[in-house]
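Some notes on the structure that comes next.
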Amino acid sequence: MKRVYPDKEYCIGCHLCELACMTAHSKSQDLIVAYREERGKDGLSSCKKVFEKGHTCVAISCRHCDEPSCVAACISGGLHKDPETGHTLYDREKCVGCWSCLMACPYGAIRRHPTEGKIVKCDLCAEREGGPACVAACPNAALKYEER
Amino acid sequence: MAIMKYVIIGNGIASIGAIEGIRKVDTENEILVIGAEDSPAYGRPLISYLLAGKIGPERLALRPQEFYEKSNVSTKLGTTVEAIDTKAKTISTDKGETIEFENLLIATGGIPFTPPIPGAEGSDVYNFTNLAHAQTLISKAKEIKRAVVIGGGLIGLKAGESLFDRGVDVTILELSPRILSLAFDENAAALAGGRLAEVGLNVRCGVTAKEIQRDSDGNLKGVHLTDGDFLQTEVVVIAIGVVPNYSLAKDSGISVDRGIKVDDHMKTSADGVFAAGDVAQAKDLLFGDDRVIPIWTNAYNQGFCAGKNMAGTDIEFTGSLAMNSISFYGLPTISVGTVNPPEGDDSFEIATSLDEKKKSYRKLVFQNDHLVGYVLVGDIDMAGMYTAFVKFQMAVPEDAKKQMMAGEPDVLMWPDDFFKDTWNPGHVEQD
Amino acid sequence: MLFQPVNKNYHEFCIIRDKDLCINCKVCVRQCSYEAHYWDESRQKVMHDNTKCIGCHRCEALCPTAALNIVNKPSDFRTNSLWRPVFLQNIYKQADTGGVLLAGMGSPVDIPVYWDSMLLDASQVTNPSIDPLREPMELKTFLGAKPKRVKIVTGKDGKPELKTKLSPQIELDVPIMFAAMSFGAINFNLHRAMARAATETGTVYNTGEGGLHKSLYKYGKNTIVQVASGRFGVHLDYLKAGVGIEIKVGQGAKPGIGGHLPGEKINDQVSETRMIPIGSDAISPAPHHDIYSIEDLLQLIFALKEASEYKAPISVKIAAVHNVAAIASGIARAGADIVTIDGMRGGTGAAPAMIRDNVGIPIELALAQVDQRLRDEGIRNKVSIVAAGGIRCSADVVKAIALGADAVYIGTATLIAVGCTLCGRCYTGKCPWGIATNDPKLSKRQNPDIAAKKLANLIRAWGHEIEEMLGGMGLNSIESLRGNRDKLRGVGISDIELDILGIKHAGR
Ligand SMILES: Cc1cc2nc3c(=O)[nH]c(=O)nc-3n(C[C@H](O)[C@H](O)[C@H](O)COP(=O)(O)OP(=O)(O)OC[C@H]3O[C@@H](n4cnc5c(N)ncnc54)[C@H](O)[C@@H]3O)c2cc1C
Ligand code: SF4
Ligand code: SF4
Ligand code: SF4
Ligand code: SF4
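In order, the protein sequence lines correspond to chains A, B and C.
Counting from 1 along the first sequence, just add 42 to a position and that's the residue number in this note's numbering.
Counting from 1 along the second sequence, just add 270 to a position and that's the residue number in this note's numbering.
Counting from 1 along the third sequence, just add 74 to a position and that's the residue number in this note's numbering.
Written out as structure tokens, the structure reads:
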């Protein structure tokens, strides 16, 4: 399956991927509205997170693992593996906000939704035409969406 | 009935893990699941959410019905397996069926442990480990004003919290000096206890029930405590813990210790018979010895590993890792690995940071430059990053340790090769 | 903010932030290596300090809401055509610092750009034009000494055979090469990009004077290695690594002076490649201490030929100065195979501003004169001529070739292709575009995958345009254009300039 692969050699830590992710998951689909309003009001947040250490940066999000720890940990059936696409899917209706997945995912790819008792996790922008928004936004090709 | 390639006893999460494990390898042969409870597999921990009224019964099922159809799994629910003939490779059920199997998984989970308390026999004393218990308590909660929960561990607190949410006045009794004595330490327990008290639950530590008082009709009246107090109550919930439900296995000659003994491949002493979940005593990731660690993730993982092995691949179980995530009225707590190292053992190094005002606590336990466990209360968002260090047993160099202690673990602290293999596998620089 | 040295307020740029658009995302804060943008804790928003802006436009390019505009500071000094603002600012600066004014990139001063005063011809009825999409068009160029005449004999099998022994040649699919920009002045990622792009498009890149990183030896077929007065990174394997060797005598941006790469730019990789300690300044002396005459140059040329077993043509690079034609003639006679002339608008990583803006002559005039002189002396075939310094587009390339060049080097254009905005602060080591910097945080802004693609695209695009222009002139090979000044006409320039360029005025 195609996944998003981050390259820490060329990530420049601009955080544009985070902004793109946020916009892609916003109601307005408009960065300015998403960032100024939906972020505060609806707790809109990015599935991507940029880490920095010295001069190295990397932007990570869910790896859509073959054998995901989050699915093993999910007590509600809110996370499961789609056998057809291979995506690790999240069903927010089922999620009870127990944070088991957040604890179990050793890739730190799950975060709490700031205002709702739900999690925030990459969905590979499955609904988005043109694939993952973060990859499209990265100015330095430090994110690649490909089959490996 | 023809020989079934795969039979699973128990319809809990270990069973689902096994189905998903088998299907990773074998997408064809039918799987039969036999479960004593008559509901589809549900999230056992969800029963406290149900009791609290946070979710409705429609949200209990772990997998949609079509999952079973698509995975070619047939189920016999409300059916209890009464015996296993390990020689003939058959099982027999309470419905009088005998089923021949090629591979069998015993995933019968745990049963509530009930200490001998005088007066416990009789009405209105409940456990809290399955859906039926929750349903009973839901209807009971409408009639009662007071309840006493015996046991201040995870299940006891959750039961107490949920009953409280139903408008019941709840007192929780914990024999040890603090609640959550197994998975958490004093600071975390104090924060969690504080939160419960703030909301209005009564938590009493260092005491337990000496006797349950009944009137001449056998109606429950109250509980005598070890410290001499008496608590009036209409309901007692005993939630002291679960013990492996291994009698079925033991009776059929399968080796058991504290749980069913399994090897690296989740195989029991009997040919073609595997065990997983709360019933199994399997390898512990950190300690290397075999332990019963009755938690959800392990049940799934063990089931998954057993499933793959049942389907013919040779996969070793990586080991159980104790981990718990539980929130008390919005105060999240997480505990992973070794969090209470033996006192006086100076091979451990402990770093804590406590902010009582913010209700935030972090405890990191290092041993030989490795993170072996941690506790987080309040600010839990980086939990997974700590888990990585425990789970992958990566060495933690001094500067990384500092960063962790500052609450900022991250992927860039990983060894370079491991980082590349994980995040950017197969990538080679052209020059 | 307000309380600062008076002169600091005479800064060059203003940052205009559109309040309706700015979302305070801090992208600009992270991108600006001069810290012109910052997060203001008390106001809880992104603010800026105009005095720090150097006008690189990096923030503007990356701002996700297009909220930024970088503009020249509007406050003008009283108009004075002698004391133009730049002179005032420079004096203020020097009165403060007491130091030499440093500058980066090519000279921005207003001297005539003769490319713009020359126009190309096109065929009409007779000698019809050629459509490069339908008919073969040859841009292949060989650099190196050519024989005066070739001797062909008929072999035993009746087939013709070449009797003349040919000198080694550098074969180019397009007559455009990536100019010498040393590893150190620009970073490894760009060297990788140039090496890959040159390989992909069948041309070469020049290592510059900083040696060749070991992982780039594999691109040797597309590499010219340079030997300069500092002799950085020069050893036998290096000399044999490329298809050509260039002795750098002078550089258009700073004729007559040496080079100085500050110690901060010398990281482990640069140090290993240059063979100097980490953090030490890399100083290239103004002259080569072993060249004081044409005879000395001859010795060095032959020493290098010897070292490379006569397989690599030797180029000598000089700055375009007053007597350039005579110097080029001497170089040709000293045995060089290629003369590279670098005009005064050529780029640099660091040069004293006075030198950069006042020394040397434009490449167009130098090139025309060198070609003419070598022809007049009957030695034009002994060397190829490479023109460099201020080539901005494919038409400039075509005009250079018509003036007599065999090929051109592009340096500034190369950097612009990967993002350079000519802010001219290459010497600070803080290039926000990740070009003239070895700071790992900045240099990774150049992903060689992207940069190589852009460079290859540029070469391809110019190649196509050159074919179009050649076709329009009714030529089907770049050979037929070389020195073909009849294809050029001058506009708006004096007789003397026309004479030097060797072209007629338009209309003639
Ligand atoms: C209230 C509660 C909250 C919890 N919260 C958490 C939590 O937050 N995090 C966490 O990690 N863990 C939690 N746990 C523990 C977790 O639920 C268990 O570790 C997990 O359910 C074990 O799964 P299992 O498949 O091994 O067994 P079980 O879920 O116990 O399933 C075993 C099944 O086998 C059936 N069975 C038994 N014997 C037979 C037989 N002879 N024939 C047929 N069927 C049989 C049983 O009826 C049962 O349905 C909680 C448990 C409870 C009770
Ligand atoms: S959330 Fe974590 S464990 Fe789950 S699939 Fe993503 S990276 Fe893997
Ligand atoms: S793929 Fe989409 S959802 Fe996932 S991190 Fe990128 S932008 Fe966010
Ligand atoms: S957009 Fe690309 S370069 Fe910027 S932080 Fe994200 S991954 Fe890194
Ligand atoms: S990058 Fe643009 S939107 Fe973001 S803070 Fe800077 S000016 Fe504002």
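We treat Cβ as the ideally placed atom computed from N, Cα and C, and that holds for glycine.
In this text the structure is predicted, and so the values were computed from the model without any measurement.
Inspect the CB distances between the segment 644-654 of chain B and the segment 602-617 of chain B and report whether three or more fall short of 8 Å. yes
May I ask you to report which of helix, strand or coil DSSP gives Cys59 of chain A? helix
Given a cut-off of 8 Å, decide if Lys633 of chain B and Asp499 of chain B are closer than it, judged by their beta-carbon atoms. no
Quick one, which residues of the segment 510-544 of chain C are near chain A if we go by CB-CB under 7 Å, in chain order? Pro514, Lys515, Lys518, Arg519, Asn521, Asp523, Ile524
Same chain only: Cβ atoms within 7 Å of Asn610 of chain B, ignoring 5 sequence neighbours per side: Asp455
Check whether the Cβ of Arg104 of chain C lies closer than 8 Å to any Cβ atom in chain B. no
Is it the case that the Cβ atoms of Gly313 of chain B and Ser111 of chain A are separated by a distance below 8 Å? no
Strictly by DSSP, which residues pair up with Glu542 of chain C? Bridge partners of Glu542 of chain C: none, in fact.
Endpoints, alpha helix (DSSP H) assigned at Trp507 of chain C: Here Trp507 of chain C belongs to no alpha helix (DSSP H), and DSSP marks it neither H nor E.
Where does Glu274 of chain C fall in DSSP's three states? helix
Given 7 Å as the limit, tell me if Leu185 of chain A has its C-beta closer than that to any heavy atom belonging to ligand 4. yes
List, in chain order, every chain C residue whose beta-carbon is nearer than 9 Å to that of Tyr52 of chain A. Asn263, Lys518, Arg519, Gln520, Asn521, Pro522, Asp523, Ile524
Hey, is Ile128 of chain C's beta-carbon within less than 8 Å of any beta-carbon in chain A? no
Counting only the same chain and skipping the five closest in sequence on each side, list residues whose C-beta sits under 7 Å from that of Ala653 of chain B. Ile604, Leu646
Please confirm if the segment 292-302 of chain C is in contact with the segment 318-334 of chain C, defined as three or more CB-CB distances below 8 Å between the two stretches. yes
If the cut-off is 7 Å on Cβ atoms, which residues from the segment 134-160 of chain C count as contacting chain A, listed in chain order? Leu136, Pro138, Thr139
Distance between beta carbons of Leu136 of chain C and Gln105 of chain C, contact taken as under 8 Å: 5 Å
Nearest to Phe201 of chain C (by Cα), restricted to the options C:Cys467, C:Ile577, C:Gly548, C:Ile567: The identity of residue 201 of chain C in the sequence shown is Asn, whereas the question assumes Phe. Of the candidates C:Cys467, C:Ile577, C:Gly548, C:Ile567, the one whose C-alpha sits nearest the C-alpha of Asn201 of chain C is C:Gly548.
Ignoring anything shorter than 4 residues or poking outside the segment 451-502 of chain B, list the alpha helix (DSSP H) runs there in chain order. 456-469
Okay, do the segment 474-485 of chain C and the segment 249-267 of chain C touch, 3+ Cβ pairs below 8 Å being the bar? yes
Counterpart residues of Met211 of chain C in DSSP-defined beta bridges: Paired residue(s): none; Met211 of chain C is not in a bridge.
Beta carbon of Leu213 of chain C, beta carbon of Val248 of chain C: below 8 Å? yes
If I measure Cβ to Cβ from Gly173 of chain A and keep anything under 7 Å in the same chain, skipping five residues before and after, which residues do I get? Cys167, Tyr187
Candidates C:Asp523, C:His579, C:Val120, C:Arg447: which alpha carbon is nearest Ser403 of chain C's? C:Arg447
Can you pull the DSSP bridge partners for His111 of chain C? C:His122
Contained alpha helix (DSSP H) runs [length at least 4] in the segment 302-366 of chain C, N- to C-terminal order: 310-315, 342-348
Output the distance between the C-alpha atoms of Ala146 of chain A and His697 of chain B, rounded to the nearest integer angstrom. 27 Å
List, from N- to C-terminal side, the alpha helix (DSSP H) runs of 4 residues or more that fit wholly inside the segment 378-417 of chain B. 401-411
List in chain order the residues whose CB is within less than 6 Å of at least one heavy atom of ligand 2. A:Cys104, A:Arg105, A:His106, A:Cys107, A:Pro110, A:Ser111, A:Cys112, A:Thr130, A:Cys147, A:Tyr149, A:Ala151, A:Ile152, A:Lys163
Is it buried or exposed for Ser87 of chain A, if we count other Cβ within 10 angstroms and need 16 for buried? buried
Whether Ile331 of chain C touches Ala394 of chain C by CB criterion (8 Å): no
Which stretch, first to last residue, makes up the alpha helix (DSSP H) that contains Tyr570 of chain B? 566-580
My guess is that Leu221 of chain B and Leu433 of chain B are in contact by the Cβ rule of under 8 Å, so how many angstroms apart are they, rounded? This structure does not reach residue 221 of chain B, given that chain B is present from 271 up to 701, and the question cannot be answered.
Using only the heavy atoms of ligand 6, determine whether one of them is closer than 7 Å to the beta carbon of His363 of chain C. Absence of ligand 6 is noted for the structure shown, with ligand 1, ligand 2, ligand 3, ligand 4 and ligand 5 being the only ligands found.
For Gln551 of chain B: DSSP bridge partner residues: B:Lys531
So what does DSSP say about Ser118 of chain A, is it helix, strand or coil? coil
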